[in-house]
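Residue numbers (our numbering), protein chains in the order written: chain A, 38 to 383; chain B, 38 to 383; chain C, 38 to 383; chain D, 38 to 383. Quick notes on the structure that follows.
4 protein chains.
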Amino acid sequence: MIKAAIIGATGYAGAELVRILSRHPQVRLTAITSQSYAGQAFWQVYPHLYKYIDLTCEEMDLINIINQSDVIFAALPHGHAMPIVLEAVKQNKKIIDLGADFRIDDPVVYESWYKVTHTAVDLLAEAVYGLPEINRNRIKEARILANPGCYPTSAILGLAPLLARGLIEPESIIIDSKSGVSGAGRSLSLNTHYSEVNESIKAYNIGQHRHTPEIEQEISKIAGQKITLSFTPHLTPMIRGILSTIYAKLKIEALDMDLGQLYRDFYQEEPFVRVLPEGCLPRTKDVSGSNFCDVAVVKDKRTGRAVVVSAIDNLLKGASGQAVQNMNIMFGFAEATGIDDPSLYP
Amino acid sequence: MIKAAIIGATGYAGAELVRILSRHPQVRLTAITSQSYAGQAFWQVYPHLYKYIDLTCEEMDLINIINQSDVIFAALPHGHAMPIVLEAVKQNKKIIDLGADFRIDDPVVYESWYKVTHTAVDLLAEAVYGLPEINRNRIKEARILANPGCYPTSAILGLAPLLARGLIEPESIIIDSKSGVSGAGRSLSLNTHYSEVNESIKAYNIGQHRHTPEIEQEISKIAGQKITLSFTPHLTPMIRGILSTIYAKLKIEALDMDLGQLYRDFYQEEPFVRVLPEGCLPRTKDVSGSNFCDVAVVKDKRTGRAVVVSAIDNLLKGASGQAVQNMNIMFGFAEATGIDDPSLYP
Amino acid sequence: MIKAAIIGATGYAGAELVRILSRHPQVRLTAITSQSYAGQAFWQVYPHLYKYIDLTCEEMDLINIINQSDVIFAALPHGHAMPIVLEAVKQNKKIIDLGADFRIDDPVVYESWYKVTHTAVDLLAEAVYGLPEINRNRIKEARILANPGCYPTSAILGLAPLLARGLIEPESIIIDSKSGVSGAGRSLSLNTHYSEVNESIKAYNIGQHRHTPEIEQEISKIAGQKITLSFTPHLTPMIRGILSTIYAKLKIEALDMDLGQLYRDFYQEEPFVRVLPEGCLPRTKDVSGSNFCDVAVVKDKRTGRAVVVSAIDNLLKGASGQAVQNMNIMFGFAEATGIDDPSLYP
Amino acid sequence: MIKAAIIGATGYAGAELVRILSRHPQVRLTAITSQSYAGQAFWQVYPHLYKYIDLTCEEMDLINIINQSDVIFAALPHGHAMPIVLEAVKQNKKIIDLGADFRIDDPVVYESWYKVTHTAVDLLAEAVYGLPEINRNRIKEARILANPGCYPTSAILGLAPLLARGLIEPESIIIDSKSGVSGAGRSLSLNTHYSEVNESIKAYNIGQHRHTPEIEQEISKIAGQKITLSFTPHLTPMIRGILSTIYAKLKIEALDMDLGQLYRDFYQEEPFVRVLPEGCLPRTKDVSGSNFCDVAVVKDKRTGRAVVVSAIDNLLKGASGQAVQNMNIMFGFAEATGIDDPSLYP
């Protein structure tokens with residue numbers, strides 16, 4: 038039984054952490070903090086957990102909170118995790134950051150995309166990018182865990198098998214992603230106002246989304262060469278889910294390979310990646326509420342391209358579910374503990 | 038560990054039973070049947086359970102299926118449960134019928150509303166109406182369990198405290214219910230065709246819905262007198278959930294009572310009814326994915342009426358969740374086993 | 038050709054006025070004002086009208102705007118229309134107020150429900166409640182037009198035939214209304230945040246909604262006696278539409294009447310009320326985008342009640358469409374000019 | 038005043054034709070046919086047009102219907118238009134086919150994608166592909182008008198300026214399209230069943246959708262060379278709208294060009310294409326209910342690609358709106374007659 042604290046518990050990712058960790062058999066939630074709702078019972082902020090969870094939101098007393106915890110989850114907007122990580126390291130506690138502050142290896146890249154100064158540059162090298170399917174061994178030893186972004190999780194898991202085997206032209210990669218509205222969080226905005234969003238789909242931040250350098254960094258490592266790619270996010274009229282449709286030019290030697298088998302082999306041992314059988318394609322609804330990433334690969338001989346489709350629940354495998362999966366690995370728990378629910382369908 | 042079979046596993050209620058029972062620690066699913074999908078793996082019918090559930094749909098071999106099971110769940114359209122119940126009783130097995138065939142005590146009433154002949158009239162007296170909050174003790178001993186309808190569950194739980202205390206005029210009751218589309222099942226119909234249903238709300242079957250006699254029968258028992266009421270169902274553009282808004286004239290002695298406290302006392306020990314604090318009103322989203330029924334009562338002094346609002350997930354507390362709750366009671370398991378998930382929010 | 042100004046053009050009702058009036062063959066839009074967006078092109082605020090409407094939002098220069106207009110539309114939150122009406126009257130211009138400030142005859146009632154002091158009490162008696170089906174003749178002569186609320190429009194049109202003929206028990210009326218989210222306007226709120234609202238229905242302001250005294254006042258006039266009633270609004274996961282389900286006890290003499298025929302006779306000449314044929318029930322989608330109010334009445338002999346269902350588009354017949362209908366009447370134009378679009382379906 | 042007939046009036050495209058043509062000032066609807074609903078009033082099939090349209094669905098008496106009409110609209114599944122076109126040509130009437138039968142120049146290509154024998158091969162050369170922005174002059178003279186598919190309309194309008202100027206690498210084109218559910222028509226299917234579709238997005242028919250050869254054929258003509266491309270359609274949880282996100286490698290000479298200006302110049306005179314200002318991106322909601330195609334082009338210097346986004350209403354510019362636009366051109370009416378509504382927003 039370990040003690041866990043959640044800093045920033047009243048955003049959607051934080052609330053999912055509260056839901057999952059409050060039922061995790063090897064975790065005791067010791068503190069949840071919220072800037073906006075300090076002093077309120079958590080169920081007042083999220084009435085679906087009335088009579089289910091008996092926690093009160095606290096103001097952040099950083100030193101004490103970290104002192105009382107074995108693991109700290111930070112679920113904050115980018116730019117806010119550095120002081121928390123610094124203090125956690127000082128106290129030699131494990132920290133899982135759901136934000137972007139420790140995902141980008143190069144602080145210059147971080148600062149140019151995020152427009153924020155990085156105040157813990159010395160710790161960047163130690164941070165582990167928490168995609169278990171790629172980095173499981175490093176995660177086991179991690180003290181600072183940079184939990185991946187939602188889009189990058191779907192994109193990297195979709196591309197990894199092809200890249201690891203060197204089967205695609207690296208400069209040909211295009212990632213067209215469609216996200217549900219919960220990815221934009223609980224903060225009010227015309228972009229998430231019901232009457233503006235429903236019955237509409239749009240692209241946004243074309244070529245400029247902050248998850249671009251994160252995807253490029255991680256797939257460059259897998260490919261063993263520097264990759265630049267096109268990434269376009271879209272806002273879709275649904276609450277949960279990300280679907281990424283990924284295009285890449287196949288190398289000649291790949292044109293006659295069984296790519297489905299390649300994917301099945303690559304993810305054979307993975308508890309949370311399901312390579313769908315031939316002829317099936319992922320739907321976000323099939324993973325909604327679960328920690329699964331569903332993947333399918335289609336070889337299009339006419340164009341010589343592979344088209345990969347991957348689907349996740351942005352709040353689970355794309356955020357809080359993956360964070361708990363990482364915690365399980367870091368503390369030696371069974372990897373699926375607390376996150377083994379299937380999708381709620383329909 | 039008991040053995041369970043599901044007859045009619047590929048409708049939405051059946052699929053929820055499969056999801057819940059496949060993870061229930063004291064149940065082993067021995068057979069699932071489907072007329073339409075016999076021979077197919079269950080995940081082919083419901084891909085969200087791929088790699089999660091390893092069952093194949095069977096044709097119904099009634100005698101054998103019942104023989105191999107300790108409990109049988111029938112999730113079929115009305116009129117189809119009688120032969121199953123007859124055989125289950127013959128083999129002295131417990132049967133939980135999610136349909137309407139054993140809910141109505143009087144076969145004449147059943148036949149006039151359902152336009153079907155009842156072929157197991159002798160067993161009607163033995164069937165127990167499976168609303169645990171009202172009938173828990175009888176459920177413990179039940180062999181034939183008539184699992185309540187979705188609308189009746191929300192209506193009866195909303196009205197029971199007022200009726201049990203005799204605080205409302207019985208002839209004044211009006212129930213205005215709003216259901217999500219999954220309540221209409223998986224059968225194809227223009228009424229459930231996406232482009233027809235989305236962005237629209239409508240009433241249907243005004244004064245003629247088949248759940249009317251079921252509600253009247255059960256609340257008449259609670260009130261100790263025969264009650265006739267108005268019930269209007271509506272189809273709402275969402276997947277899951279029923280919200281019932283219930284109106285009743287308060288008797289004079291009730292006008293100064295604390296009705297909220299009355300409800301809290303009435304449901305004090307109930308694991309799945311949450312009487313919301315003063316000032317809070319139920320939302321279907323807060324119970325979606327859970328077995329909870331959320332209730333609030335408002336006393337409107339201007340009109341002398343009580344307005345009660347209750348919310349359930351029609352597929353859980355309104356169908357499969359409640360069926361498992363009943364099974365837990367019938368077999369002496371902890372009542373919340375397998376159905377203690379909170380809502381998935383947002 | 039008359040000149041019209043819209044004060045408060047960038048809320049949803051204002052935007053619908055802009056859309057309708059910019060194409061109205063007998064109107065020239067001379068000014069649109071917006072506190073939040075002054076100086077911006079209207080299409081920047083509402084890009085769906087790009088290249089369609091070439092107007093810029095202005096700051097409100099009240100005296101000049103009124104001076105340059107023949108009719109002024111005020112589409113503002115309650116409490117803001119009094120100075121505008123005062124100035125319009127001073128300049129002897131016609132004013133159509135889409136807010137609540139001139140709907141309630143008794144300033145004491147207004148102030149107790151709206152918590153605002155009425156600063157133009159002397160003008161209340163002159164204001165005409167703009168429901169054409171009830172008040173057409175008075176509207177023709179009106180200088181101050183109080184455009185009805187969305188819920189009251191659906192409720193009053195649903196009840197008028199029964200009340201005018203004295204066929205129901207006045208104290209038995211219950212109105213259960215379901216509104217789309219656009220009724221809550223464009224202001225940001227957690228109540229209209231996509232992920233909170235979608236896939237959920239809830240009641241709100243039970244017995245306390247500000248449209249209650251408006252409905253009671255108008256139906257009391259029709260009935261010729263003071264009526265108190267229950268009104269419960271609900272928020273439904275769709276953008277446009279109000280469905281009101283109305284319950285009332287029938288007097289004995291009504292139990293054998295053909296209520297459908299009564300409604301058809303009552304609304305025979307009305308261009309914007311459609312009494313549906315026997316067996317059909319209104320759906321909000323069938324009126325969405327149109328100025329129609331669809332109505333059906335069901336006689337439930339079991340309970341002795343009439344159940345009336347009415348459907349409108351809250352932004353058209355419930356706000357801006359009706360405002361233009363009123364303007365057409367006030368200026369002697371053909372009543373359907375500019376608002377004769379049928380619903381956009383599906 | 039011309040006389041028009043609609044064959045297949047009760048699908049969604051047919052119903053939109055009925056709505057538009059019944060109000061078109063230069064058209065009289067003489068006949069509407071329906072296989073499924075012959076003999077029923079149109080409003081019984083589409084109640085939103087009750088009291089609005091007074092037409093009855095007929096069985097198809099082909100020779101007479103064509104005889105009585107100046108223009109025939111065929112809104113049928115592919116494979117059914119050939120006999121109609123043959124008869125129309127025989128009687129020397131103008132025919133607008135909303136299906137695919139006359140869009141593909143090469144019958145071998147048609148038959149290999151559509152799995153149907155083409156029975157009017159001799160007429161293919163005469164058919165004009167009805168995209169006014171590309172083929173307006175030929176449309177003026179057309180007798181057989183092949184109305185474009187919904188996806189092709191959005192794709193071709195998005196690509197035409199770049200292709201016409203030769204600014205992109207032809208083999209680099211990838212079209213990722215997202216469609217609302219109404220594109221799948223009114224026929225019942227699990228793919229359009231509300232509870233299966235809502236809250237989910239998926240890709241389908243990757244590399245195999247029948248609109249692929251249509252897009253390739255038309256953009257090859259514009260480019261003056263044979264183009265093979267990747268096209269992936271997606272089903273999105275909304276009723277109306279198609280958003281196409283199009284990727285193409287820019288030639289070196291294009292990297293410093295003002296692509297937005299290029300698009301504005303190209304579509305300068307077009308009544309139904311809106312090139313959005315710098316910094317704005319299309320949303321389907323902004324065109325929903327209108328005949329507009331909104332387009333934006335983004336130059337991504339990092340990757341050397343152009344990313345074009347286009348949005349249409351699949352039932353209007355993607356089907357019936359464009360069919361009426363073509364009719365207007367064919368008969369010399371003002372091009373926007375009857376289809377000049379802006380989007381209904383929100």
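Every residue, glycine too, gets a C-beta built ideally from N, C-alpha and C.
When you compare only the Cα positions, how much space is there between residue 102 of chain C and residue 255 of chain C?
32 Å
Interface residues of chain A around residue 317 of chain B at Cβ under 7 Å?
84
Under the assumption that residue 300 of chain C contacts residue 198 of chain C (Cβ atoms under 8 Å), give the Cβ distance between them as a whole number of angstroms.
5 Å
Terminal residues of the continuous alpha helix (DSSP H) containing residue 173 of chain D?
For residue 173 of chain D, the enclosing alpha helix (DSSP H) starts and ends at 169-178.
Cβ atoms of residue 112 of chain B and residue 46 of chain B: under 9 Å apart, would you say?
yes
Spatial neighbours of residue 370 of chain C within its chain, please: C-beta separation below 6 Å, excluding the five flanking residues on both sides.
Excluding sequence neighbours, residue 370 of chain C sits near 63.
Just how far apart, CA to CA, sit residue 361 of chain C and residue 234 of chain C?
30 Å
Can you tell me where the alpha helix (DSSP H) with residue 190 of chain D in it begins and where it stops?
Start and end: 187-201.
Short check: CB of residue 265 of chain D to CB of residue 217 of chain D, under 9 Å?
No; because the gap between Cβ atoms is not below 9 Å, this pair is not in contact.
With which residues is residue 183 of chain B paired in a DSSP beta bridge?
Answer by DSSP bridge pairing, in chain order: B:134, B:166.
Which partner residues does residue 283 of chain A have in the DSSP bridge list?
A:212, A:345
Short of 8 Å in beta carbon distance, which residues of its chain neighbour residue 87 of chain C, apart from the five on each side in sequence? Order them along the chain.
Sequence-distant partners of residue 87 of chain C (beyond 5 residues in either direction) whose C-beta falls short of 8 Å from its own C-beta, in its chain, are 80.
Could you give the C-beta distance for residue 341 of chain C and residue 296 of chain C, rounded to a whole number, given that I count them as a contact under 8 Å?
At roughly 13 Å, the Cβ-Cβ gap does not stay under 8 Å, so residue 341 of chain C and residue 296 of chain C are not in contact.
Taking DSSP's pairing of strands, which residues face residue 270 of chain A in a bridge?
Beta-bridge pairing by DSSP links residue 270 of chain A to A:214.
Please classify residue 193 of chain D: is it buried, with 16 or more other beta-carbons within 10 angstroms of its beta-carbon, or exposed?
buried
Using the beta-carbon count (16 or more within 10 Å), is residue 131 of chain A buried or exposed?
buried
Could you tell me the boundaries of the alpha helix (DSSP H) in which residue 356 of chain B lies?
For residue 356 of chain B, there is no enclosing alpha helix (DSSP H), as DSSP marks it with neither H nor E.
Run through chain C and tell me which residues come within less than 8 Å of residue 323 of chain D, C-beta to C-beta.
84, 85, 87
Tell me the rounded alpha-carbon separation between residue 315 of chain D and residue 76 of chain A.
46 Å
When the Cα of residue 313 of chain A is compared with those of B:66, B:41, B:85, which residue comes out closest?
B:85
Between which two residues does the beta strand (DSSP E) holding residue 79 of chain B run?
That residue, residue 79 of chain B, is in no beta strand (DSSP E); its alpha helix (DSSP H) goes 79-82.
If you count every other CB in all the chains shown that lies within 10 Å of the CB of residue 184 of chain A, and 16 or more means buried, which is it?
buried
Between the stretch 263-285 of chain C and chain B, which residues of the former have a C-beta closer than 8 Å to a C-beta of the latter?
265, 266, 267, 269, 271, 273, 274, 275, 276, 277, 278, 280, 282, 284
Tell me whether the beta-carbon of residue 269 of chain D lies closer than 9 Å to the beta-carbon of residue 244 of chain D.
Residue 269 of chain D is a Cβ neighbour of residue 244 of chain D, given a cutoff of 9 Å.
Can you tell me where the beta strand (DSSP E) holding residue 69 of chain A begins and where it ends?
Run containing residue 69 of chain A: 64-70, per the beta strand (DSSP E) assignment.
So, is the C-beta of residue 107 of chain D closer than 9 Å to a C-beta in chain A?
no
Since residue 226 of chain B and residue 225 of chain D are thought to touch, with beta carbons under 8 Å apart, how far apart are those beta carbons, to the nearest angstrom?
With a Cβ gap of about 7 Å, residue 226 of chain B and residue 225 of chain D count as contacting.
Please name the residue in D:336, D:277, D:65 whose C-alpha comes closest to that of residue 92 of chain D.
D:65
Give me the residue from B:52, B:44, B:58 with the minimum Cα distance to residue 373 of chain B.
B:58
Cβ of residue 189 of chain C less than 9 Å from any chain B Cβ?
no
Straight-line CA distance for residue 350 of chain A to residue 345 of chain B?
Going from the Cα of residue 350 of chain A to the Cα of residue 345 of chain B covers about 35 Å.
Residues of chain G with CB closer than 7 Å to the CB of residue 56 of chain D, please, in chain order.
Absent here is chain G; the protein component of the structure consists of chains A, B, C and D.
Hey, which unbroken runs of the alpha helix (DSSP H) at 4 residues or more fall wholly within the stretch 71-127 of chain B?
79-82, 99-104, 119-127
Please confirm if residue 229 of chain A has its CB atom under 9 Å from at least one CB of chain C.
yes
Mind listing the chain B neighbours of residue 313 of chain A? Cutoff is C-beta to C-beta under 8 Å, in chain order.
Counting only Cβ-Cβ distances below 8 Å, residue 313 of chain A has contacts in chain B at 84, 87, in chain order.
Examine chain B for any beta-carbon lying closer than 9 Å to the beta-carbon of residue 308 of chain C, and answer yes or no.
no
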